Amino acid sequence: MKKSNLQVIPLLIYGITFYSSFRNANIYLFEEATVLPVLLDYLFLFTIVLTLIFNLSKKKFGNTYHIDKRIMAILVLVIWIILQSGFNSLYSQMNFIPRNLITSLLAFIVIVTGIDHPKVFNKAFWAFILGAVISAIIPLIKFNEIIGVRTKVVSGTYYIGGLWNQVLVSFISTGWLILAMTQKENTNLRPKLLAFFSFIIIWIGSFAGLSRSFFVLTIFSMVVYTMTSKNIKNNIRLLLLAVGAFLLISFIMPEAVSGIITRLMETFGNLSEEARLTIWQSYLRNFPSYFLQGAMGDYRNYGTSSVAFGTHSVFLNWFVQYGLIGVMFFTAVLISTWKEIKFFKKHERQQFSMLIAWLIAYLVQISISETGFVHASFYVGLAFVNSWSKFTEKNGHQLSNLDRRIVG
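In the working numbering, the protein residues as written are -12 to 395.
Here it is as structure tokens:
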């Protein structure tokens, strides 16, 4: 393989990681436009496939080809989704092939198998963070009129609270990972300040949509961090950070604070009437129809009979759309991620606490919302975490552990 092709692989990976998180801003940039975002998505998919081809050629050229255990579950999901959705499309005479989901899964494979050097890992990671920060800044500037408002008409377009979900996706994908990357003792002040401000910007953008899941995952992840870090100094810092962030939000976005408090009080005061419970029950009642092979036709037909709601849970989405195989192998990806994080428990306690906080925030979100089912930044975040021990410093002993997970 030509040397120029070997050198272009990292550049392609930087572009993939940047766009995976920056893509969350597409809804704010293009609004009702349909053609350009779709063309960009196809270009994104093409770039990922091209990178995979280059990477496979590189391994074949160097006689180093092997199957990485970390991508096995993802490979099964890709194959199963193509087979299931292809058959479903033929059966229903409609296109049910999930292009964006397949793109996201392939992005996971590219990150895990394509990054082979710590410098490439670091640059790809910060490209990922840069895309997330920009995706949060754009709506805060462009849609400041609907900060803290669930529904509003702006310039003739009707917006709902879900408009801010894309910033929430960026926060969950990157937030705690930003802090985890700068927990190494030899990290100087500049990257730490950059990480801190990146975290705050994305967190503020996530707050703007009055998302209840955002509030819950923030509390859960902070509690988990506090319980696992066992470092009083860092716990005090986190407490001060939380208080400072809340005071900042109360000052610049008072309507958002009052709005989220009102929504939470309404939710807990009428928990039995929560729409999610009805939606989950309706899908689970019909599980004999999809549990093995997944949904045939539009999966929403397996839910409530009156209105076609989504599942409001990523786990349930996998189960309903792709059956037992789908939810089992997605769970296998999460278990692999947990094992990677757990490895840091003895060696890098603070990184472990940050990474487990990230995982808890992600699990809370995907348990009570379908936001994140197809989003590329979630899967790229998972890929970075699954490669964490291979490319962070002080890992001479960790590399031998990683090698035991590779099938040569």
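Virtual Cβ for every residue (Gly too), placed ideally from N, Cα, C. Keep in mind the model is a prediction, meaning the values are calculated, not measured.
Give the range of the alpha helix (DSSP H) segment to which Pro126 is assigned.
Along the sequence shown, one-based indexing puts residue 126 at 139. Unbroken alpha helix (DSSP H) run through Pro126: 105 to 129.
Answer with buried or exposed for Pro126, where buried requires no fewer than 16 other C-beta atoms within 10 angstroms of its C-beta.
Taking the first residue of the sequence shown as 1, we reach residue 126 at position 139. That one is buried.
In the DSSP output, what is Ile188 paired with across the bridge?
Taking the first residue of the sequence shown as position 1, residue 188 is located at position 201. According to DSSP, Ile188 bridges with nothing at all.
How big is the Cα-Cα spacing for Asn388 and Asn304?
Translated into positions along the sequence shown, residue 388 becomes position 401. Translated into positions along the sequence shown, residue 304 becomes position 317. Note that Asn388 scores a pLDDT of 42, beneath 50, so its modelled location is shaky; the value from the coordinates is reported in the next line. Approximately 34 Å, taken between the alpha carbons.
Quick one: Cα of Ala243 to Cα of Ser198, how far?
Within the sequence shown, numbered from 1, the residue matching residue 243 stands at position 256. Within the sequence shown, numbered from 1, the residue matching residue 198 stands at position 211. One C-alpha to the other measures close to 10 Å.
Pull up the CB-CB distance for Ile347 and Val211, whole angstroms please, since I reckon it's below 8 Å.
What you label residue 347 is simply residue 360 of the sequence shown in a count that begins at 1. What you label residue 211 is simply residue 224 of the sequence shown in a count that begins at 1. Sure, about 5 Å apart at Cβ, within 8 Å.
Go ahead and pull the three-state DSSP assignment for Ile134.
To locate residue 134, count along the sequence shown from 1; it is residue 147. DSSP places Ile134 in coil when its eight states are reduced to three.
Select from Thr358, Val372, Tyr366 the residue whose C-alpha is nearest the C-alpha of Val154.
For the purposes of this step, residue 154 is taken as the residue at position 167 of the sequence shown. Selected option, being the one with the closest Cα: Thr358.
Among Thr90, Lys329, Arg57, which one has its Cα closest to the Cα of Ala25?
Residue numbering aside, residue 25 sits at position 38 when the sequence shown is read from its first letter. The question names Ala, but residue 25 is Val in the sequence shown. Selected option, being the one with the closest Cα: Thr90.
In the DSSP assignment, find the unbroken alpha helix (DSSP H) run with Lys329 in it and report its ends.
Residue numbering aside, residue 329 sits at position 342 when the sequence shown is read from its first letter. It spans 301 to 329 - the alpha helix (DSSP H) in which Lys329 sits, taken as one unbroken run.
Indicate the three-state DSSP secondary structure (helix, strand or coil) for Ile54 in the structure shown.
Position 67 of the sequence shown, counting from 1, holds the residue named residue 54. Here Ile54 sits in strand by DSSP.
Is it a yes or a no for the stretch 268 to 281 touching the stretch 310 to 321, going by three-plus beta-carbon pairs under 8 Å?
The stretch 268 to 281, when compared against the stretch 310 to 321, does touch it at the 8 Å Cβ threshold.
With 16 as the cutoff for other CB atoms within 10 Å, does Leu92 come out buried or exposed?
As a working note, residue 92 is residue 105 in the sequence shown. Burial call: buried.
Below 8 Å between beta carbons: does that hold for Leu227 and Thr213?
Along the sequence shown, read from residue 1 onward, the residue named residue 227 stands at position 240. Along the sequence shown, read from residue 1 onward, the residue named residue 213 stands at position 226. Result no, Cβ atoms of Leu227 and Thr213 do not sit closer than 8 Å.
On the criterion of 16 or more Cβ atoms from any shown chain inside 10 Å, does Thr161 qualify as buried, or is it exposed?
On the sequence shown, residue 161 is found 174 positions in, with the first residue counted as 1. By the neighbour-count rule (16 or more Cβ atoms within 10 Å), Thr161 is buried.
Secondary structure at Arg392, three-state DSSP: helix, strand or coil?
Counted from its first residue, the sequence shown places residue 392 at position 405. Confidence at Arg392 is low in this model, with a pLDDT of 40, below 50, so the placement of that residue should be treated as unreliable; the coordinate-derived value is given next. If DSSP states are grouped into helix, strand and coil, Arg392 belongs with coil.
Could you spell out the range, first to last residue, of the alpha helix (DSSP H) harbouring Ala12?
Locating residue 12 in the sequence shown gives position 25, where the first residue counts as 1. Careful: Ala12 lies outside any alpha helix (DSSP H) and carries neither H nor E.
Quick check on this structure: which residue in Gln80, Ile98, Gly73, Ile96 has the alpha carbon closest to the alpha carbon of Arg86?
Numbered from 1 along the sequence shown, position 99 holds the residue referred to as residue 86. Nearest option by C-alpha distance: Gly73.
Starting from Arg272, trace the alpha helix (DSSP H) both ways and give me its first and last residue.
Numbered from its first residue, the sequence shown carries residue 272 at position 285. 262 to 272 is the extent of the alpha helix (DSSP H) around Arg272.
With a threshold of 16 other CB atoms inside 10 Å of the CB of Asn75, please say whether the residue is buried or exposed.
Along the sequence shown, one-based indexing puts residue 75 at 88. Buried, by the Cβ-count rule.
For Leu(-2), tell me which candidate among Ile35, Ile69, Phe331 has the shortest Cα-Cα distance.
Indexing the sequence shown from 1 puts residue -2 at position 11. Comparing Cα-Cα distances from Leu(-2) to each of Ile35, Ile69, Phe331, the minimum goes to Ile35.
Report the three-state DSSP secondary structure of Asp285 (helix, strand or coil).
Stepping through the sequence shown from its first residue, residue 285 is reached at position 298. In this structure, Asp285 counts as coil in the three-state DSSP scheme.
Say the cut is 7 Å; is the CB of Ile266 nearer than that to a heavy atom of the ligand SAH?
Although the ligand SAH was asked about, the structure shown includes no ligands whatsoever.
Any idea what DSSP makes of Glu242, helix, strand or coil?
Translated into positions along the sequence shown, residue 242 becomes position 255. Three-state DSSP puts Glu242 in a helix.
Within 10 angstroms of its Cβ, does Ile189 collect 16 or more other Cβ (buried), or is it exposed?
Here residue 189 refers to the residue found at position 202 when the sequence shown is read from its first residue. Per the 10 Å Cβ criterion, buried.
Measuring CB to CB, does Ala119 end up less than 8 Å from Ile3?
For this step, residue 119 is matched to residue 132 along the sequence shown. For this step, residue 3 is matched to residue 16 along the sequence shown. No, these two residues do not count as a Cβ contact at 8 Å.
Please confirm whether Ala370 and Trp163 have their CB atoms less than 8 Å apart.
Locating residue 370 in the sequence shown gives position 383, where the first residue counts as 1. Locating residue 163 in the sequence shown gives position 176, where the first residue counts as 1. Cβ atoms of Ala370 and Trp163: not closer than 8 Å.
From Leu150 to Ile14, what does the alpha carbon distance come to, in whole angstroms?
Residue numbering aside, residue 150 sits at position 163 when the sequence shown is read from its first letter. Residue numbering aside, residue 14 sits at position 27 when the sequence shown is read from its first letter. Their backbone Cα atoms lie some 8 Å apart in a straight line.
Taking 6 Å as the limit between beta carbons, can you name the residues of its chain near Lys332, skipping five residues before and five after?
Locating residue 332 in the sequence shown gives position 345, where the first residue counts as 1. Excluding positions up to five away in sequence, the list reads Phe339.
For Gln80, count the other beta carbons within 10 Å of its own beta carbon; 16 or more makes it buried, fewer makes it exposed. Which is it?
Looking up residue 80 in the sequence shown gives position 93. Exposed, because fewer than 16 other Cβ atoms sit within 10 Å of the Cβ of Gln80.
Quick one, which of Asn152, Pro178, Trp267 has its alpha-carbon nearest Ala195's?
By 1-based counting over the sequence shown, the position of residue 195 is 208. The residue with the shortest Cα to Cα distance from Ala195 is Asn152.
Report yes if the C-beta distance between Phe316 and Val63 is below 8 Å; otherwise report no.
By one-based count along the sequence shown, residue 316 stands at place 329. By one-based count along the sequence shown, residue 63 stands at place 76. Result yes, Cβ atoms of Phe316 and Val63 sit closer than 8 Å.
Work out the CA separation of Leu117 and Val65 for me, nearest whole Å.
For the purposes of this step, residue 65 is taken as residue 78 along the sequence shown, with counting starting at 1. For the purposes of this step, residue 117 is taken as residue 130 along the sequence shown, with counting starting at 1. One C-alpha to the other measures close to 28 Å.
Checking 8 Å against the spacing of the C-beta atoms, do His362 and Asn11 come in under that value?
In the sequence shown, counting from the first residue as 1, residue 362 sits at position 375. In the sequence shown, counting from the first residue as 1, residue 11 sits at position 24. Contact: yes.
Quick check: Ser44 and Ser364, are their CB atoms within less than 8 Å of each other?
In the sequence shown, residue 44 corresponds to position 57, counting from 1. In the sequence shown, residue 364 corresponds to position 377, counting from 1. Going by C-beta atoms, Ser44 is not nearer than 8 Å to Ser364.
Quick one: measure Cβ to Cβ for Leu350 and Val372, integer angstroms, because I've assumed they're closer than 8 Å.
The residue you call residue 350 lines up with position 363 of the sequence shown. The residue you call residue 372 lines up with position 385 of the sequence shown. Going by Cβ atoms, the distance from Leu350 to Val372 rounds to 13 Å, so no, they are not a contact pair.
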